[in-house]
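Structure, as C-alpha cells:
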Amino acid sequence: MTAQTYLDGRITIDPDICNGKPSLRGKRITVQTVLEFLSAGDSAAEILEQYPSLEAEDIRACLRFAAELMDRRYDVVQLA
Numbered sequence: 004m005t006a007q008t009y010l011d012g013r014i015t016i017d018p019d020i021c022n023g024k025p026s027l028r029g030k031r032i033t034v035q036t037v038l039e040f041l042s043a044g045d046s047a048a049e050i051l052e053q054y055p056s057l058e059a060e061d062i063r064a065c066l067r068f069a070a071e072l073m074d075r076r077y078d079v080v081q082l083a
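Here you go:
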C-alpha cells in the first residue's frame, strides 16, 4: 500500500510511518496525539510550542479529519 494524503496533504496515512496511523505531513506526529492534547485542554498555541514543526493549519486539519470521520455511517454489530 502506498501513502495516501488528505486535506491538501496535511494528513498522511503511510504504512511505514506510525504503523499506518493518520499523521501530519508525513511526520511522526499522529492526528490522535493532537486530538488527545486538545481534549485534555491544551490550546493550539501550547501544542505548537511543544511541536514547533507543526503549523496552526495542521491542528485545524486534525479537527476537520476527525469531523469527516464522524460524518460517516456506522453500523454496530454484535460479535459473539
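Numbering of the sequence shown is given in my numbering, commencing with residue 4 and proceeding in unit increments.
Note that the Cβ used here is the ideal one computed from N, Cα and C, for glycine as well.
- Here Tyr9 is bridged, per DSSP, to Ile14.
- In the DSSP assignment, Gln81 falls outside any alpha helix (DSSP H), carrying neither H nor E.
- The beta carbons of Leu57 and Leu51 sit closer together than 8 Å.
- When rounded, the separation of the alpha-carbon atoms in Ala83 and Lys24 is 28 Å.
- By the Cβ neighbour-count rule, Ser26 is buried, with 16 or more other Cβ atoms within 10 Å of its own.
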